[in-house]
Amino acid sequence: MVNLIGIGGYQSVAISSVGKTQQVDCDGPASINNNFTQKASIGFPAGVVIAATWNTDLAHDFGASIGRMADEMDVSGWYAPAMNIHRTAFSGRNFEYYSEDGYLSGAMASTAINGAAESGVYSFMKHFALNDQETHRTDMLCTWSNEQAIREIYLKPFEMCVKNYEGKSMAVMSAFNYIGNKYAGANPELLNTVLRDEWGFRGMVLTDYFGGYGYQDADIQIRNGGDFCLTPQMIEVGTLTDQTSGTSLQAARQACKNILDTTANSRAYAIGAGGGMATWEIVMYAISAVVVLAAVAGEVALIRGYGKKKQG
401 MVNLIGIGGY QSVAISSVGK TQQVDCDGPA SINNNFTQKA SIGFPAGVVI AATWNTDLAH
461 DFGASIGRMA DEMDVSGWYA PAMNIHRTAF SGRNFEYYSE DGYLSGAMAS TAINGAAESG
521 VYSFMKHFAL NDQETHRTDM LCTWSNEQAI REIYLKPFEM CVKNYEGKSM AVMSAFNYIG
581 NKYAGANPEL LNTVLRDEWG FRGMVLTDYF GGYGYQDADI QIRNGGDFCL TPQMIEVGTL
641 TDQTSGTSLQ AARQACKNIL DTTANSRAYA IGAGGGMATW EIVMYAISAV VVLAAVAGEV
701 ALIRGYGKKK QG
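Residues in the sequence shown are numbered consecutively from 401, following my numbering.
Quick look at the structure:
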């Protein structure tokens with residue numbers, strides 16, 4: 401459970417005890433880009449261009465094409481589509497968000513997600529929610545609004561995606577920002593009350609990049625609706641410090657259930673994909689091991705050299 405929750409960057413890890421295979425998730429939003437193998441699919445126009453057509457059939461075909469290419473690349477999860485609102489003209493992510501209108505955004509995003517799901521690819525609809533700016537986005541940026549505006553404008557596309565979903569497995573990527581005074585990635589009102597209880601979402605919730613920005617903490621996250629951390633290797637704040645208490649075990653089991661339910665219904669099992677670590681992950685750990693061994697060897701040589709010098 402510690403590994404499944406703590407290592408969620410561009411993957412969900414293999415768990416041999418329950419027969420879970422290694423699954424690869426990749427960035428979008430307009431293509432499938434594997435940052436580790438350097439393989440990429442055909443690129444499509446940005447989301448704002450697709451939304452400008454007002455053509456939901458086109459949005460569906462876009463998602464279906466992404467799904468087919470992801471399947472060909474052995475990729476199960478797509479970090480897209482992004483559907484926050486064009487609140488101003490100056491947001492750094494407007495190119496990948498669809499529109500200033502919640503309904504139009506939801507119509508485009510939901511059909512794209514359903515298109516990808518036809519190939520068994522689960523989409524991480526993002527960034528949930530109210531992600532309005534890139535500047536200082538990891539500096540405990542607080543977004544303030546009222547409930548009516550949040551529900552009618554900013555949450556509307558996400559709600560439409562959940563309620564219109566036609567696939568078997570679905571995912572969410574939470575946002576860096578705070579909503580009011582609560583981090584979106586550990587916000588129980590957002591991730592449990594609204595997403596799961598009100599909308600009926602059954603899937604997994606991943607953080608945005610889990611870089612240890614001072615407010616990201618796996619123990620807090622799993623207790624408040626988050627499931628796993630977007631980091632390709634275990635880091636301190638992504639490791640559960642409480643691995644024995646009843647509340648931690650219950651929260652960890654629920655998080656793992658959400659991950660396993662989502663991945664078990666993906667293309668990876670439909671085609672009988674194999675397990676084990678991805679090649680890039682093996683290479684990364686091998687490089688880390690070499691660096692550590694080199695450092696130890698250097699230290700030993702330094703100590704021996706000092707000893708000989710002292711004897712002389």
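Each residue gets a CB set at the ideal place from its N, CA and C atoms; glycine is no exception. Being a predicted model, the structure only gives us computed values, none of them experimental.
Cα-Cα separation between residue i and residue j, rounded to whole angstroms
| i | j | result |
| --- | --- | --- |
| residue 452 | residue 641 | 47 Å |
| residue 425 | residue 544 | 31 Å |
| residue 401 | residue 704 | 43 Å |
| residue 654 | residue 406 | 14 Å |
| residue 634 | residue 472 | 29 Å |
| residue 521 | residue 670 | 11 Å |
| residue 701 | residue 694 | 10 Å |
| residue 413 | residue 546 | 39 Å |
| residue 438 | residue 538 | 27 Å |
| residue 460 | residue 454 | 12 Å |
| residue 478 | residue 697 | 42 Å |
| residue 636 | residue 458 | 44 Å |
| residue 646 | residue 519 | 39 Å |
| residue 462 | residue 506 | 15 Å |
Within 8 Å, strictly: CB atoms of residue i and residue j
| i | j | result |
| --- | --- | --- |
| residue 578 | residue 540 | yes |
| residue 596 | residue 661 | no |
| residue 467 | residue 517 | yes |
| residue 485 | residue 503 | no |
| residue 515 | residue 464 | yes |
| residue 443 | residue 480 | no |
| residue 628 | residue 606 | yes |
| residue 656 | residue 404 | yes |
| residue 590 | residue 529 | yes |
| residue 491 | residue 548 | no |
| residue 667 | residue 476 | yes |
| residue 604 | residue 658 | yes |
| residue 527 | residue 470 | no |
| residue 618 | residue 639 | yes |
Identified DSSP bridge partners for residue i
| i | result |
| --- | --- |
| residue 526 | 482 |
| residue 543 | 579 |
Simplified DSSP assignment, three categories, for residue i
| i | result |
| --- | --- |
| residue 535 | coil |
| residue 565 | coil |
| residue 508 | helix |
| residue 521 | coil |
| residue 575 | coil |
| residue 604 | strand |
| residue 560 | helix |
Entirely within the region 610-681 and at least 3 residues each: give me those beta strand (DSSP E) ranges in chain order.
628-630
Whole alpha helix (DSSP H) elements within the region 455-502, 4-residue minimum
Within the region 455-502, the complete alpha helix (DSSP H) runs of at least 4 residues are 456-472.
Runs of 4 residues minimum, wholly inside the region 411-461: which ones carry the alpha helix (DSSP H) assignment?
447-452
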